[in-house]
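Numbering follows my numbering, with no gaps: position 178 of the sequence shown is 274.
Even glycine gets a Cβ: it sits at the ideal position worked out from N, Cα and C.
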Amino acid sequence: MMVKRIIANSVSEAMELVKQDLGNDAIILNTRQIKVGGLFGLFAQKKVELVASVEEHPIEKIIQPVKQVTAELQPTKSVVQSHPSMIEPLSPKIVSFASRRLPEALSSYEVLLAEPALQHEAEALYDLLVSTYYKTNDVRQVEQAFIATVTAPIQVTTATSRFIMVTGPTGVGKTTTLAKLAAYYRLTKQQTVGLITTDTYRISAIEQLRTYADIIDIPLRVAYDLQEFEQAKVDLSDCDVILVDTAGRNFLDAGYVEQLKKRHDFSETDVFLVLSLTSKYRDLEQIQQRFDQVPLSGFIFTKADETTDLWSIYGLTKKTQLPVFCLTTGQEVPEDIIWPTSAEVSRMIVERGLR
Numbered sequence: 097m098m099v100k101r102i103i104a105n106s107v108s109e110a111m112e113l114v115k116q117d118l119g120n121d122a123i124i125l126n127t128r129q130i131k132v133g134g135l136f137g138l139f140a141q142k143k144v145e146l147v148a149s150v151e152e153h154p155i156e157k158i159i160q161p162v163k164q165v166t167a168e169l170q171p172t173k174s175v176v177q178s179h180p181s182m183i184e185p186l187s188p189k190i191v192s193f194a195s196r197r198l199p200e201a202l203s204s205y206e207v208l209l210a211e212p213a214l215q216h217e218a219e220a221l222y223d224l225l226v227s228t229y230y231k232t233n234d235v236r237q238v239e240q241a242f243i244a245t246v247t248a249p250i251q252v253t254t255a256t257s258r259f260i261m262v263t264g265p266t267g268v269g270k271t272t273t274l275a276k277l278a279a280y281y282r283l284t285k286q287q288t289v290g291l292i293t294t295d296t297y298r299i300s301a302i303e304q305l306r307t308y309a310d311i312i313d314i315p316l317r318v319a320y321d322l323q324e325f326e327q328a329k330v331d332l333s334d335c336d337v338i339l340v341d342t343a344g345r346n347f348l349d350a351g352y353v354e355q356l357k358k359r360h361d362f363s364e365t366d367v368f369l370v371l372s373l374t375s376k377y378r379d380l381e382q383i384q385q386r387f388d389q390v391p392l393s394g395f396i397f398t399k400a401d402e403t404t405d406l407w408s409i410y411g412l413t414k415k416t417q418l419p420v421f422c423l424t425t426g427q428e429v430p431e432d433i434i435w436p437t438s439a440e441v442s443r444m445i446v447e448r449g450l451r
């Protein structure tokens, strides 16, 4: 078997190079988007990497069957040449599927179909794009159909418990997100709010949250173990909403979730996994798998303003069937938090990806 790696500007160009180098019998093993060139990660160009393979056949095994087939087809060739009206051209859709190339008008979708989060849906989405285009010949209707399909698995949710806990790996913005939630419930919803933090590993995190609590004028309790956590819940029992911050750790630490379970009571609590959209999709999948033992209520996605690739939202919500609670779009408290509908999330994903 011969395996070849192709790097090109688009999926179409990569496919054409594969056909030229390996022929029409080539099998596509993997397709992904990569960045090439640049300096220290800056000014890098987006490319498509395609890995393909083809079985190598001894030339003598190929020549004889070809001669035989050519001889067998000779009578058919004569009939076709004498009756050209019998020739019925293949539909553009069939040709497109055979070559795995999108129509030129839909070329902007090629990078989307190469997204890691769409690896299991690319075939069905390709079918949708091509069939809708040839049925309507309207790029706008193609986009609407695409968005409608992406919307289907994405659900949104609201908190159903007065206890709301945010958890997740380090560096995703849990503490800032909790401050935005506190400001939202206190200033927008006009509810009484209490804060509990169990992030005792970082003094800066406690002080940051204490500063937010003082500004918003809400009580804060620090809990170092499960007993203190339960006491903090009692102390804040008069509050309409109690928000709980947890310590962020390296998601590769297998013991992190076990430690989390020892220090928290998840009963009657909405637990939201906070994930940064600037992370690689594969890492986000691994993080979510680490939290399989925690009764999650949904996702909070942060740093939506720092990336054009929002497909992780689609991939994770479809895989886990967990809803989206909210998105954060910056560092400002309380402004940079949004509560989108399913349709709004889908439109953001597609439109951002087509830029």
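task: Taking only the alpha-carbon atoms, compute the straight-line gap between THR425 and LEU322 and give it to the nearest angstrom.
output: Counting from one through the sequence shown, the residue named residue 425 turns up at place 329. Counting from one through the sequence shown, the residue named residue 322 turns up at place 226. Their Cα atoms are separated by approximately 33 Å.
- request: Would you list the residues sitting across from ASP366 in a DSSP beta bridge?
  value: Position 270 of the sequence shown, counted from the first residue, corresponds to residue 366. ILE260, per the DSSP bridge assignment.
query: My guess is that ILE250 and ASP366 are in contact by the Cβ rule of under 8 Å, so how many angstroms apart are they, rounded?
result: The residue given as residue 250 occupies position 154 in the sequence shown. The residue given as residue 366 occupies position 270 in the sequence shown. That belief does not hold up - the Cβ atoms of ILE250 and ASP366 are roughly 19 Å apart, past 8 Å.
- request: Give the single residue among VAL268, THR272, THR271 and ASP313 whose Cα lies nearest to the Cα of GLN286.
  value: The sequence position of residue 286 within the sequence shown is 190, counting from 1. Taking only the C-alpha atoms, the option nearest GLN286 is ASP313.
- prompt: Along the chain, which unbroken stretches of the alpha helix (DSSP H) at least 4 residues long are found entirely within the stretch 277 to 335?
  reply: 299 to 312 and 322 to 331
- request: Flag this pair as yes or no: are the beta carbons of SER108 and SER204 separated by less than 8 Å?
  value: For the purposes of this step, residue 108 is taken as the residue at position 12 of the sequence shown. For the purposes of this step, residue 204 is taken as the residue at position 108 of the sequence shown. In this structure, SER204 does not lie closer than 8 Å to SER108 by Cβ.
query: Taking the continuous beta strand (DSSP E) assigned at ARG386, which residues delimit it?
result: In the sequence shown, residue 386 corresponds to position 290, counting from 1. First-last for ARG386: 377 to 386, but that is the alpha helix (DSSP H), not the beta strand (DSSP E).
- prompt: Between the C-alpha atoms of LEU146 and LEU113, what's the straight-line distance to the nearest angstrom?
  reply: Position 50 of the sequence shown, counted from the start, is the residue given in the question as residue 146. Position 17 of the sequence shown, counted from the start, is the residue given in the question as residue 113. Rounded to whole angstroms, LEU146 to LEU113 spans 10 Å at the Cα level.
message: So, at 8 Å on beta carbons, what are the nonlocal neighbours of GLN427 in its own chain, with the 5 sequence-adjacent residues on each side left out?
response: In the sequence shown, the residue the question calls residue 427 occupies position 331. Answer for GLN427: THR272, listed in chain order.
- request: Identify which residue in LEU291, THR307 and LEU118 has its Cα closest to the Cα of LEU332.
  value: Residue numbering aside, residue 332 sits at position 236 when the sequence shown is read from its first letter. Ranking LEU291, THR307 and LEU118 by Cα distance to LEU332 puts LEU291 first.
message: Need the endpoints of the alpha helix (DSSP H) that ALA241 sits in, please.
response: The residue labelled residue 241 in the question sits at position 145 within the sequence shown. Element bounds for ALA241: 235 to 247.
- request: Note the first and the last residue of the continuous beta strand (DSSP E) segment covering GLU431.
  value: Numbered from 1 along the sequence shown, position 335 holds the residue referred to as residue 431. Where GLU431 is concerned, there is no enclosing beta strand (DSSP E), because DSSP gives it neither an H nor an E.
message: Please state whether the Cβ-Cβ distance between VAL246 and SER442 is less than 8 Å.
response: Taking the sequence shown and counting its residues from 1, one reaches residue 246 at position 150. Taking the sequence shown and counting its residues from 1, one reaches residue 442 at position 346. Cβ distance < 8 Å, so VAL246 and SER442 count as in contact.
- prompt: Leaving out the 5 sequence neighbours to the left and right, which residues in its chain are closer than 8 Å to THR284 when beta-carbon positions are compared?
  reply: The sequence position of residue 284 within the sequence shown is 188, counting from 1. Excluding sequence neighbours, THR284 sits near PRO430.
message: For ILE338, report the span of its beta strand (DSSP E) as first-last.
response: Translated into the one-based positions of the sequence shown, residue 338 becomes position 242. Unbroken beta strand (DSSP E) run through ILE338: 337 to 341.
Whole-angstrom C-beta distance between PRO419 and VAL252, which should lie under 8 Å: Taking the sequence shown and counting its residues from 1, one reaches residue 252 at position 156. Taking the sequence shown and counting its residues from 1, one reaches residue 419 at position 323. Right, the Cβ-Cβ distance comes to about 5 Å (below 8 Å), so this counts as a contact.
- request: Decide yes or no for the touch test of the stretch 395 to 409 against the stretch 262 to 270: beta carbon pairs closer than 8 Å, at least 3 of them.
  value: yes
query: Do LEU339 and VAL289 have their CB atoms nearer than 8 Å?
result: Here residue 339 is taken as the residue at index 243 of the sequence shown, counted from 1. Here residue 289 is taken as the residue at index 193 of the sequence shown, counted from 1. Cβ distance < 8 Å, so LEU339 and VAL289 count as in contact.
message: DSSP three-state label for GLU200, please.
response: Translated into positions along the sequence shown, residue 200 becomes position 104. If DSSP states are grouped into helix, strand and coil, GLU200 belongs with the helices.
- request: Go through its chain and collect everything with a Cβ distance to ALA194's Cβ below 7 Å, but skip five positions before and after it.
  value: Looking up residue 194 in the sequence shown gives position 98. The predicted position of ALA194 is uncertain, since its pLDDT is 37 and thus under 50; no value can be drawn from it.
message: Assuming SER106 is part of the beta strand (DSSP E), what are its boundary residues?
response: The residue you call residue 106 lines up with position 10 of the sequence shown. Unbroken run through SER106: none, as it is neither H nor E.
- prompt: Across which residues does DSSP place SER149 in a beta bridge pair?
  reply: Reading the sequence shown from its first residue, position 53 is the one you call residue 149. Note: SER149 sits in a beta bridge opposite VAL99 and ILE123.
- prompt: If you compare alpha carbons, which of ILE243, PHE421 and LEU214 is closest to PHE368?
  reply: Taking the sequence shown and counting its residues from 1, the one referred to as residue 368 is at position 272. Out of ILE243, PHE421 and LEU214, PHE421 has the C-alpha closest to the C-alpha of PHE368.
- prompt: Just how far apart, CA to CA, sit ARG448 and LEU380?
  reply: Residue 448 sits at position 352 when you count from the first residue of the sequence shown. Residue 380 sits at position 284 when you count from the first residue of the sequence shown. Each residue's alpha carbon lies about 19 Å from the other.
message: So, for PRO315: in the same chain, excluding its five sequence neighbours on each side, which residues have a beta-carbon less than 8 Å away from its beta-carbon?
response: Here residue 315 refers to the residue found at position 219 when the sequence shown is read from its first residue. For PRO315, where only same-chain residues beyond five positions count, the Cβ hits under 8 Å are GLY290, LEU291, ALA309, ASP331, LEU332 and CYS335.
- prompt: When burial is assigned at 16 or more other CB atoms within 10 Å of the CB, is TRP407 buried or exposed?
  reply: Residue mapping note: residue 407 aligns to position 311 of the sequence shown, counting from 1. Its Cβ being crowded by 16 or more others within 10 Å, TRP407 is buried.
- prompt: Between the beta-carbon of PHE242 and the beta-carbon of LEU214, is there less than 8 Å?
  reply: In the sequence shown, counting from the first residue as 1, residue 242 sits at position 146. In the sequence shown, counting from the first residue as 1, residue 214 sits at position 118. Contact: no.
- request: Take GLN129 as the anchor and find which of THR254, GLU219 and LEU209 has the nearest alpha-carbon.
  value: By 1-based counting over the sequence shown, the position of residue 129 is 33. Answer by Cα proximity: LEU209.
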